[in-house]
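Chains A and B are the protein sequences, given in the same order. Under full-length UniProt numbering, the first residue of the first sequence is numbered 1, with each subsequent residue one higher. Under full-length UniProt numbering, the first residue of the second sequence is numbered 1, with each subsequent residue one higher. All C-beta atoms in this analysis are idealised placements derived from N, C-alpha and C, irrespective of residue type, glycine included. One structure is given here, and the rest of the page talks about it.
There are 2 protein chains.
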Amino acid sequence: MQLFKKNANKIKIMALGGLNEVGKNMTVVEYKDEIIVIDAGLSFPDDDMLGVDIVIPDVTYLIKNKDKIKGIFITHGHEDHIGALPYILKKINVPVYGTKLSIGLIQVKLKEHKMNNVKLNVVTPRQIIKMGNMDVEFIKNNHSIPDACSIAVHTDQGIIFHTGDFKIDLTPIDGEVMDMHRICELSKKGVLLMLADSTNAERPGSTLSEKTVGAGLDDLFRKAMNNRIIVATFASNIHRLQQIINTAEKFNRKVAVSGRSMINVVNVASELGYLDIPENMLIDLNDLGRYEDNEVVLITTGSQGEPMSALARMASSEHKKVEIKNGDLIIISAHPIPGNEKLISKVVNCLFEKGAEVVYDDSDIHVSGHAKQEELKLLHRLVRPKFFMPAHGEYRMLKKHAELAEELGMPSQNIFVNKTGDVLEIDRNSAKVVGTVPTGNVLVDGLGVGDVGNIVLRDRKHLSEDGLMIVVVTISKEDGKVLAGPDIISRGFVYVRESEDLMDGAKNVIKDVLRECEDRNIKEWAYLKNNIKENLKEYLYQRTKRNPMILPIIMEV
Amino acid sequence: MQLFKKNANKIKIMALGGLNEVGKNMTVVEYKDEIIVIDAGLSFPDDDMLGVDIVIPDVTYLIKNKDKIKGIFITHGHEDHIGALPYILKKINVPVYGTKLSIGLIQVKLKEHKMNNVKLNVVTPRQIIKMGNMDVEFIKNNHSIPDACSIAVHTDQGIIFHTGDFKIDLTPIDGEVMDMHRICELSKKGVLLMLADSTNAERPGSTLSEKTVGAGLDDLFRKAMNNRIIVATFASNIHRLQQIINTAEKFNRKVAVSGRSMINVVNVASELGYLDIPENMLIDLNDLGRYEDNEVVLITTGSQGEPMSALARMASSEHKKVEIKNGDLIIISAHPIPGNEKLISKVVNCLFEKGAEVVYDDSDIHVSGHAKQEELKLLHRLVRPKFFMPAHGEYRMLKKHAELAEELGMPSQNIFVNKTGDVLEIDRNSAKVVGTVPTGNVLVDGLGVGDVGNIVLRDRKHLSEDGLMIVVVTISKEDGKVLAGPDIISRGFVYVRESEDLMDGAKNVIKDVLRECEDRNIKEWAYLKNNIKENLKEYLYQRTKRNPMILPIIMEV
């Protein structure tokens with residue numbers, strides 16, 4: 001009885017994604033048989049997840065406890081915080097809460113998935129949503145998308161404060177600085193546990209204000225007075241879009257937009273009032289040719305070199321409406337996300353070859369959306385939590401963030417560098433990891449969610465490296481005689497027309513196996529198949545030092 | 001007659017690799033029916049070259065003109081300058097010239113390929129090799145491997161000067177500064193054309209001396225007085241190895257070596273006198289456990305996070321002899337090569353998780369081997385060539401290098417930003433691009449050289465993304481009746497046991513097609529196959545939004 005009571009007064013905190021990885025952010029807070037979920041993000045597949053479109057968290061735990069869930073609370077509208085929503089809401093239809101822009105972007109997403117039965121709730125910062133034993137409050141912060149918030153969960157044990165992604169921008173584009181005043185009030189009430197963004201925990205100093213990018217853009221526009229200007233950036237970075245538009249206005253340029261997600265975001269953001277576009281400024285991409293070079297700016301997707309993006313298509317002359325020409329100034333207003341360096345480099349080279357000037361990887365035209373060490377220190381000093389759990393980042397980032405907290409005087413036993421799935425049990429006096437819940441990567445490929453697993457990936461990898469060889473033989477059921485074949489079909493292995501000799505040799509190897517089986521009157525097809533496989537494998541490896549997948553098929557007639 | 005005479009006095013310069021790319025360096029100088037080749041490098045496959053091991057230049061031009069070739073002259077022993085030698089020498093067996101270490105490393109390589117009939121010639125800097133109408137001279141430079149040289153080709157039209165990879169290190173580890181004195185003499189004689197390394201042409205300032213790394217290592221060793229130290233770096237960076245050894249000696253640590261290429265290089269370099277290892281300092285990796293943590297340093301491969309490298313295996317607990325433990329200091333003394341960022345990041349995270357301290361991507365412990373803008377300017381001022389062709393680099397680097405030459409006063413019409421395969425014709429008065437020779441990527445996969453082409457790669461890509469589905473049917477030759485099947489085999493598509501319903505549906509689609517053909521008495525198998533393919537494709541896409549490769553096979557009995 002004592003034990004039960006004690007546990008009932010403990011809060012459970014677990015991340016279902018976002019620890020030891022970048023992306024797939026999702027955090028669960030459970031207290032007295034009630035669950036609230038913070039964010040439901042996706043991540044992009046690693047190089048070894050061949051053919052996979054996106055990766056979402058394993059939410060087995062939530063499905064098992066779906067009656068407890070009060071809602072999903074969204075800190076901001078980036079894919080790594082909202083991208084898994086459609087998939088998860090199909091399994092657990094619970095209300096979703098977020099600020100206006102986040103909900104607007106979620107609506108677009110749900111519409112694409114033809115989902116119209118989700119209860120979406122628009123909240124405003126400082127609004128407190130009563131959820132039973134937990135009250136949830138959104139607190140304005142700064143990030144590379146407007147309307148981003150931290151989330152405070154009020155409980156009778158104290159406050160759980162989750163920063164979400166954030167930076168502290170003292171001169172933000174929309175004038176709304178992170179709500180440090182409210183944070184101080186919460187601190188005074190008592191923050192039991194803080195979870196905080198660790199993305200830039202390895203970087204000293206402070207992230208520059210988004211506003212500095214405006215000056216950088218102005219400079220470039222000034223220098224390229226007579227040239228056409230194309231700016232690539234993240235569609236969701238609406239403050240960046242606003243600054244491009246502001247600079248365009250200063251230099252009397254019209255603005256055209258290219259790329260599906262850019263067009264989507266510009267529409268949603270203008271409708272909801274997050275983007276202020278002067279009347280008659282926006283022109284149709286089809287009308288671009290009707291303006292002089294110095295009268296237009298084109299805003300486009302493709303800042304990460306994504307092969308199908310608008311900018312990549314312009315670079316490879318595959319864009320239907322825009323042709324890069326000598327003298328164009330192309331500004332890539334983004335940093336490369338690790339892993340994208342080569343893609344970006346390829347696009348940049350192609351643009352240069354077409355005679356364009358390209359400005360890229362330049363700190364004057366891009367700033368991060370995540371807090372660096374000095375901002376993190378300020379956050380820790382303001383929040384003054386009792387316990388701390390670094391969130392959002394690879395292990396080394398979490399580790400650095402933990403070290404930073406220790407430097408600021410927090411006892412090391414109060415800091416929890418957890419893994420995804422670890423269950424932290426906490427009350428006003430103590431905290432410890434008490435177990436784990438199932439977690440992992442659920443792979444989404446086309447319409448399939450979770451049907452691509454290790455075996456399928458292993459086969460794809462095998463096929464991608466050396467291709468395959470199919471051997472088909474038709475054999476008589478009665479007497480075991482070969483009636484047709486062996487036929488050989490190969491794909492992705494060698495260029496067949498130039499390898500007739502190799503193929504003839506392969507056929508002979510198979511024929512030898514068939515003859516031997518016939519002679520010995522062996523009718524176990526598994527044995528026969530295995531023999532074909534082994535002998536052919538050895539033959540092909542000796543001849544080519546390659547190991548194609550070998551698929552023997554016996555047809556019995 | 002006039003025309004012939006004129007052409008005969010022109011020198012042809014063409015790169016068969018290394019322009020608009022990093023790697024695969026190879027330059028051809030042709031004059032009066034004689035050819036000399038500078039370098040024969042490989043490059044590593046792009047992400048879309050699935051299953052490919054390495055990439056070498058297309059040397060069709062050299063094979064066609066093999067009687068003219070006097071030799072291949074090697075600037076230094078890096079893979080991107082010597083890696084294609086075994087493959088090319090199998091087709092054109094010509095003498096190879098290089099400094100002692102380069103030839104030593106080439107010998108190791110040829111031995112692996114079981115080639116012992118190649119004529120290797122060791123040359124010394126300032127030595128002039130008489131080749132007929134061209135004399136070839138090696139000129140000492142600085143780079144991230146000892147014994148690196150630039151090459152001057154003396155002709156009666158003037159000197160062709162190719163820097164090879166270089167930096168200007170005024171305090172090199174071996175005391176041998178780039179031979180600027182000889183360069184001044186050449187300049188006085190008259191350099192007609194310079195080809196120069198553009199790798200760092202985008203970077204302002206000067207590359208730091210290799211010696212600065214020594215101080216960085218000393219600092220780290222001092223701080224980790226009681227810890228085991230593991231240093232990962234490029235095997236070929238022998239000056240770096242020397243400095244690690246020197247620091248180890250200062251701190252009374254023994255040195256063990258891990259990784260096949262590291263062991264190879266340490267052996268060759270010590271034998272040839274390029275690595276000075278104090279007696280009794282080198283210990284066997286098996287004996288590592290017999291020393292205290294503060295008595296040893298382990299030098300290892302894996303600085304690029306290569307999955308099979310020694311360091312990566314240590315990080316994933318798959319190394320047979322070394323286990324990472326709490327407190328180990330791991331120094332990654334290298335910069336990430338673009339494209340390797342994620343691999344390195346993965347290894348670093350794993351090492352951190354094992355409790356190791358990892359120092360990485362830190363300019364105190366690594367410097368580049370390539371000249372930055374200030375060094376390039378110095379080079380141009382010293383060489384004072386009439387014509388200039390930026391070499392070694394992606395397009396944007398070549399472009400920046402060309403701009404730099406122009407800034408220094410060279411007329412733009414004297415600068416040639418060429419592509420691989422462009423033929424530059426030049427004499428003492430003029431230069432222009434007169435045509436192209438065949439070039440491209442020859443893909444090496446196992447023993448196959450060039451047998452993997454676009455079709456094979458396209459198939460591998462297709463297979464890697466959505467796998468395949470094989471459909472086999474045995475049909476009677478006589479009456480077109482189905483005798484066996486349809487059987488379906490899929491790999492890399494879906495996890496079959498969980499998709500029985502999908503597979504049943506697929507079978508029905510095929511049966512419908514077969515029935516229709518039977519009814520209509522159609523015996524054209526090509527038509528039948530195509531019908532199966534199209535119908536199945538549509539069915540599968542509708543059900544899964546995936547497009548596996550579909551291979552219908554008809555066996556006729």
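Query	Result
Is there a Cβ of chain A sitting closer than 8 Å to that of B/V449, yes or no?	no
Could you tell me the distance, in whole angstroms, from the CA atom of A/N441 to the CA atom of A/D58?	6 Å
Indicate whether B/F138 and B/V123 have their beta-carbon atoms separated by less than 8 Å.	yes
Where does A/I74 sit, in a helix, a strand or coil, going by DSSP?	coil
Where does the unbroken beta strand (DSSP E) through B/N121 begin, and where does it stop?	L120 to V122
State the beta-bridge partners of B/C149 as determined by DSSP.	B/K140
Compare the C-beta of B/K5 with all C-beta atoms of chain A and state if any pair is closer than 8 Å.	Residue placement at B/K5 is poorly supported in this model, since its pLDDT is 43, which falls under 50; the coordinates are not used for a value here.
Jot down the residue ranges of each uninterrupted alpha helix (DSSP H) in the stretch 235-268 of chain A, minimum 4 residues, whole runs only, in chain order.	238-250
Could you name the residues of chain B that A/M115 contacts, counting a contact when the two beta carbons are closer than 8 Å?	Simply none; closest approach about 17 Å.
Measure how close the beta-carbons of A/L536 and A/V494 come, nearest whole angstrom, since I'm counting them as under 8 Å.	A/L536 to A/V494, Cβ: 14 Å. No contact.
Any Cβ of chain B within less than 8 Å of the Cβ of A/Y495?	yes
Which whole runs of the alpha helix (DSSP H) in the stretch 357-412 of chain A are 4 residues long or more, in chain order?	373-383 and 395-407
At least one CB of chain B closer than 8 Å to the CB of A/R491: is that the case?	yes
Does any CB atom of chain B fall closer than 8 Å to the CB of A/E478?	no
Look up B/F161 in the DSSP assignment and say whether it is helix, strand or coil.	strand
Just by C-beta distance, which residues in the stretch 458-470 of chain A are closer than 9 Å to chain B?	R458, D459, R460, K461, H462, L463, S464, E465, D466, G467, L468 and I470
Please state whether the Cβ-Cβ distance between B/A152 and B/I145 is less than 8 Å.	no
Measuring only between beta-carbons, confirm whether A/R396 sits less than 8 Å from chain B.	yes
Under 8 Å, Cβ to Cβ, is there at least one residue of chain A near B/F388?	no
Can you find the residues in the same chain that come closer than 7 Å, C-beta to C-beta, to B/S187, ignoring five residues on each side of it along the sequence?	L382, V383 and R384
Determine, using beta carbons only, whether B/A405 comes closer than 8 Å to chain A.	no
Kindly indicate which residue of B/E516, B/L502, B/E518 and B/R515 has the alpha-carbon position closest to the one of B/Y541.	B/L502
Could you pull out every residue in the same chain whose Cβ sits closer than 8 Å to the Cβ of B/P278, ignoring the five residues on either side in sequence?	I245 and E249
Would you mind telling me which residues of chain A sit closer than 7 Å to B/V472, beta carbon to beta carbon, in chain order?	V472, I553 and M555
Go ahead and label A/I88 buried or exposed: buried means 16 or more other beta carbons lie within 10 angstroms of its beta carbon, across all protein chains shown.	buried
Following the continuous beta strand (DSSP E) through B/M549, name the residue where it begins and the one where it ends.	M549 to E556
Less than 8 Å between the CB atoms is what I'm expecting for A/V482 and A/M555, so what's the real figure, rounded?	That pair is no contact at about 11 Å.
Please tell me whether B/F44 has its Cβ less than 8 Å away from any Cβ of chain A.	no
Can you tell me where the alpha helix (DSSP H) with B/R546 in it begins and where it stops?	Where B/R546 is concerned, there is no enclosing alpha helix (DSSP H), given that its DSSP letter is neither H nor E.
Could you tell me whether the Cβ atoms of A/V37 and A/I69 are closer together than 8 Å?	yes
Spell out whether any CB of chain B is found under 8 Å from the CB atom of residue 561 of chain A.	Nothing about residue 561 of chain A can be read from this structure; chain A reaches only from 1 to 557.
Can you have a look at A/Q373 and say buried or exposed, based on whether 16 or more other CB atoms are within 10 angstroms of its CB?	buried
Rank B/L193, B/I337 and B/L285 by C-alpha distance to the C-alpha of B/F234 and give the top, closest one.	B/I337
Within a Cβ cutoff of 8 Å, which residues of the same chain sit near B/R543, ignoring the five residues on either side of it in sequence?	L502 and G505
Please determine, among B/L220, B/Q413, B/D80 and B/E524, the residue with the shortest C-alpha to C-alpha distance to B/S363.	B/L220
Which chain B residues are close to A/V55, counting only those with a beta carbon under 9 Å from its beta carbon?	None at all; the shortest Cβ gap to chain B is about 14 Å.
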